[in-house]
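Asks: Going by this note's numbering, the first residue of the sequence shown is number 70, and it counts up by one from there.
The following block contains the structure, expressed as structure tokens.
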Amino acid sequence: MRRAAIPALLLFAASASATAAQTTRLDATYSVYLTGIPVGRASVTIDLSDSGFSVSGSARTAKFIRILSKGEGSATVRGTLQANRILSSVFSGRYTSSRREQKIEISTENGTVKNISIEPPLPAIDERRVAITKESRKNVVDPLSAALALVSSNADKLSPEFCNRTLPVFDGRYRFDVVLSFLRTETVSGSSDGYRGPALVCRARYVPIAGHRKDAEAVGQMAKNRDMLVWLAPVQGTRVLVPIKASLSSPIGNFTVEATRFRTSAH
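Structure representation (structure tokens):
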């Protein structure tokens with residue numbers, strides 16, 4: 070569970086960047102804690118315009134954690150903002166652990182996966198795994214794009230509707246849903262470099278769909294976990310909300326990922 074939770078939170082942290090006429094850039098740094106002890110860090114750059122976005126991020130475990138288990142990764146994505154939809158075109162990621170390194174590239178069109186490249190290739194189909202079908206690759210979002218919530222032009226950025234939604238995530242290996250539901254709004258008082266202001270607080274629930282092993286203990290624990298929360302905050306000058314905090318309980322303690330730097334600028 071620990072090995073699954075730290076990379077998941079790091080990758081969650083490494084989530085959010087767009088180019089066009091007037092572009093707003095968000096530079097953010099996220100720290101990951103296990104019961105208050107820093108165990109990881111991520112840097113994120115988000116560029117957002119009226120019609121497009123791009124995201125780049127990198128993350129790694131803390132030095133003392135790397136003595137026991139190495140974990141780091143980087144990912145990028147670019148795409149368009151259409152009506153109330155965030156549509157990615159190309160997602161790429163590189164992940165390194167103590168046991169292996171993997172590169173993934175996913176090309177999508179209107180939410181449907183068109184091409185996928187994984188190096189080294191995934192092992193042959195294991196009967197214990199739930200097969201990823203063509204249907205499970207339709208109407209999906211990559212892990213980075215899933216972190217962005219697009220607000221319609223006239224909508225209240227802190228409306229509960231932006232919590233009450235399901236994120237159909239596909240990362241090249243696994244297909245799962247993140248089911249969000251509204252809990253409350255609150256005012257965040259972060260550090261001098263962090264976010265300060267109103268935020269949505271959403272409950273989050275993990276629902277495995279495909280790619281996972283049916284008997285995987287960590288998957289079962291995540292699916293049963295009802296102690297997951299995500300805080301969403303607006304990026305100034307845009308119609309986009311991004312995560313500024315997330316928390317997850319686990320058998321070894323509480324994981325928290327939090328933005329310690331949250332700075333926007335116009336380009």
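The C-beta atom is built at its ideal place from N, Cα and C for all residues, glycine as well.
Computed from a predicted model, the values in this text were never measured in an experiment.
Note down, in chain order, each residue of its chain lying with its Cβ closer than 7 Å to the Cβ of Asn153, except the 5 sequence neighbours on either side.
Replies: The residues are Leu219, Ser221.
Asks: Would you decide whether Asp116 is buried or exposed? Buried here means 16 or more other CB atoms lie within 10 Å of its CB.
Replies: Counting Cβ neighbours within 10 Å, Asp116 comes out buried, since at least 16 surround it.
Asks: Got a sec, what are the start and stop residues for the beta strand (DSSP E) Lys172 sits in?
Replies: From DSSP, the beta strand (DSSP E) with Lys172 extends over 170-178.
Asks: Give a yes or no on whether the C-beta atoms belonging to Ala131 and Gly109 are separated by under 9 Å.
Replies: Yes, Cβ-Cβ distance for Ala131 and Gly109 is below 9 Å.
Asks: Quick one: using the 10 Å Cβ neighbour count with 16 as the cut-off for buried, is Phe200 buried or exposed?
Replies: A small correction: the amino acid at residue 200 is Ala; Phe does not occupy that position in the sequence shown. So Ala200 ends up on the exposed side.
Asks: If you follow the alpha helix (DSSP H) that Gly289 is in, where does it begin and where does it stop?
Replies: Here the alpha helix (DSSP H) through Gly289 covers 286-293.
Asks: For the putative contact between Phe251 and Cys271, defined by C-beta atoms under 8 Å, what is the C-beta separation to the nearest angstrom?
Replies: Confirmed, Cβ separation roughly 6 Å.
Asks: Helix, strand or coil for Ser214? Go by DSSP, reduced to three states.
Replies: It is helical.
Asks: Thinking just about the alpha-carbon of each residue, which of Ile313, Ser318, Pro320 is nearest to the one in Asp96?
Replies: Answer by Cα proximity: Ile313.
Asks: Suppose only complete runs of 3+ residues qualify. What are the beta strand (DSSP E) ranges in the segment 136-170, listed by chain order?
Replies: Listed in chain order, they are 140-151, 154-166.
Asks: Which residue from Glu170, Leu156, Val276, Thr98 puts its Cα closest to that of Asp211?
Replies: Nearest option by C-alpha distance: Leu156.
Asks: Can you tell me which of the three DSSP states Arg206 falls into?
Replies: Three-state result, Arg206: helix.
Asks: State buried or exposed for Gly105, treating a residue as buried only when at least 16 other CB atoms are found within 10 Å of its CB.
Replies: That one is exposed.
Asks: Beta-carbon within less than 6 Å of Arg168's beta-carbon, same chain only, minus the 5 sequence neighbours each way: which residues are those?
Replies: Excluding sequence neighbours, Arg168 sits near nothing in its chain.
Asks: With distances taken from CA atoms, which of Ala193, Val159, Glu141, Asn179 is nearest Gln171?
Replies: Measuring from the Cα of Gln171, the nearest candidate turns out to be Glu141.
Asks: Would His281 and Phe245 be called neighbours here (beta carbons separated by less than 9 Å)?
Replies: It is a contact, given that the beta carbons lie within the stated cut-off.
Asks: Considering only C-alpha positions, which residue in the set Arg197, Val299, Ala193 is nearest to Leu310?
Replies: If we check each option's Cα against that of Leu310, Val299 comes out closest.
Asks: With the cut-off set at 9 Å, would you say Gly162 and Val209 are in Cβ contact?
Replies: Not closer than 9 Å, so no.
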